[in-house]
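Quick mapping for you: the protein sequence lines, in order, are chains S and L. Using my numbering, you'd call the opening residue of the first sequence number 1 and step up by one each time. Using my numbering, you'd call the opening residue of the second sequence number 1 and step up by one each time. Where is the CB? At the ideal position from N, CA and C, for every residue including glycine. So the structure is just underneath, and the comments pick up after that.
Protein chains: 2
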Amino acid sequence: MSSTQSILQAHHLRITDCRLAIIREFLDKSVALSHSDLEETLNKEFDRVTIYRTLKTFLEKDLIHKVLDDSGATKYAFCTHGEEAHAHNHEHVHFKCEKCEETICLEDISLPAIPLPKGFVKKEMNLLVQGICEKCH
Amino acid sequence: MSSTQSILQAHHLRITDCRLAIIREFLDKSVALSHSDLEETLNKEFDRVTIYRTLKTFLEKDLIHKVLDDSGATKYAFCTHGEEAHAHNHEHVHFKCEKCEETICLEDISLPAIPLPKGFVKKEMNLLVQGICEKCH
DNA sequence: GTTTATGCAAATTCTTTGCAATACT
DNA sequence: AGTATTGCAAAGAATTTGCATAAAC
């Protein structure tokens with residue numbers, strides 16, 4: 001059994017071609033992908049609607065998470081953290097290149113505590129750094 | 001001449017009712033607003049398309065900036081920083097309440113330097129903190 | 001008077017929903 | 001066999017474009 005298959009099993013999801021293909025995309029590319037990125041790459045192998053539903057399912061099962069983006073398009077990235085180890089890691093740091101528009105996860109960076117005004121409770125933090133990546137320099 | 005009018009003049013924009021109304025909204029509410037927020041509040045006083053175009057113009061002239069949001073809707077906030085003083089302030093910290101969905105600017109917080117991988121150049125940073133605000137607690 | 005912004009219509013794109021057929025366990 | 005997933009059609013949002021009219025300078 002392939003590792004992509006066991007990922008689905010671990011999350012109590014049925015093994016289907018579309019789900020396997022989408023997981024493989026995330027693992028191969030290791031950048032944040034939008035619905036339309038997937039639609040293009042999978043080149044009409046699966047219905048647009050199926051891709052929407054797969055992304056929604058993956059989100060609910062915490063296989064992927066949303067990545068903030070200023071373009072309007074919702075992007076997603078695979079949650080690579082081992083489930084147990086980082087189950088409560090709700091802090092994400094991403095870098096988006098303004099030229100190639102690729103967004104990558106900066107895994108190793110942790111955010112400092114942000115002093116919030118009184119009465120505010122933090123649940124999650126997302127930092128998006130924008131600039132030029134090493135490939136486009 | 002009102003202050004909203006002089007804001008437009010300072011950015012070399014013609015003074016029109018729609019532009020004045022949208023600026024007033026941002027100044028009054030002091031939270032990040034989406035196109036549909038404005039459409040509702042301005043209650044059909046202006047065409048949907050005109051609001052889109054006004055937001056686009058304001059973005060280009062740096063009167064407003066995009067605020068990251070995980071809902072898919074693009075939100076905008078007024079650039080309150082005095083232009084000269086903070087012209088190069090490309091760091092934004094926002095807090096979004098998961099209950100009331102309001103997003104506010106945390107003006108006074110500055111972000112630490114993020115150690116980027118070699119070859120990466122930072123242009124802008126956006127931090128979105130999500131949780132519960134003091135009103136919804 | 002010239003230039004720019006607006007409103008309306010219409011075209012695109014993005015996303016969701018319902019339902020019957022199919023695939024998974 | 002029973003349940004969940006898929007594909008197709010179609011509906012509903014969100015966003016953009018073209019063009020004639022109206023407003024700003």
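Between which two residues does the beta strand (DSSP E) holding residue i run?
i: residue 77/S; result: 75-78
Bridge partners of residue i, per DSSP?
i: residue 67/L; result: 75/L
i: residue 128/S; result: 94/S, 126/L
i: residue 121/L; result: 132/S
Please report the straight-line C-alpha distance between residue i and residue j, rounded to a whole angstrom.
i: residue 24/S; j: residue 4/S; result: 7 angstroms
i: residue 41/L; j: residue 61/S; result: 36 angstroms
i: residue 33/S; j: residue 57/S; result: 15 angstroms
i: residue 72/L; j: residue 2/L; result: 35 angstroms
i: residue 112/L; j: residue 18/L; result: 39 angstroms
i: residue 97/L; j: residue 131/L; result: 5 angstroms
i: residue 126/S; j: residue 54/S; result: 23 angstroms
i: residue 8/L; j: residue 14/L; result: 7 angstroms
i: residue 35/L; j: residue 74/L; result: 8 angstroms
i: residue 94/S; j: residue 133/S; result: 12 angstroms
i: residue 122/S; j: residue 92/L; result: 17 angstroms
i: residue 120/S; j: residue 44/S; result: 45 angstroms
i: residue 46/S; j: residue 65/L; result: 37 angstroms
i: residue 116/L; j: residue 107/S; result: 11 angstroms
i: residue 128/S; j: residue 76/S; result: 13 angstroms
In the DSSP assignment, the alpha helix (DSSP H) including residue i goes from what residue to what residue?
i: residue 104/L; result: Here residue 104/L belongs to no alpha helix (DSSP H); instead the beta strand (DSSP E) covers 103-105.
i: residue 17/L; result: 17-29
i: residue 6/S; result: 3-10
i: residue 35/S; result: 35-41
List the whole-angstrom C-beta distance separating residue i from residue j, where the pair is believed to meet the contact cut-off of C-beta under 8 angstroms.
i: residue 39/L; j: residue 51/L; result: 6 angstroms
i: residue 37/L; j: residue 68/S; result: Wrong, their Cβ atoms sit about 19 angstroms apart, outside the cutoff.
i: residue 109/L; j: residue 114/S; result: 6 angstroms
Within 7 angstroms of chain L by C-beta, residues of the stretch 97-112 of chain S in sequence order:
98, 109, 112
Determine which residues of the stretch 58-85 of chain S have a Cβ less than 7 angstroms from any Cβ of chain L, and write them out in chain order.
In summary, the residues of the stretch 58-85 of chain S whose CB is separated from some CB of chain L by less than 7 angstroms are 66, 68, 70, 72, 74, in the order they occur in the chain.
Which residues of the stretch 29-57 of chain S have a Cβ closer than 8 angstroms to any Cβ of chain L? Give them in chain order.
Listed by position, the residues of the stretch 29-57 of chain S near chain L (Cβ gap below 8 angstroms) amount to none.
Chain-ordered residues of the stretch 126-137 of chain S with a beta carbon less than 9 angstroms from chain L
126, 127, 128, 129, 130, 131, 132, 133, 134, 135, 137
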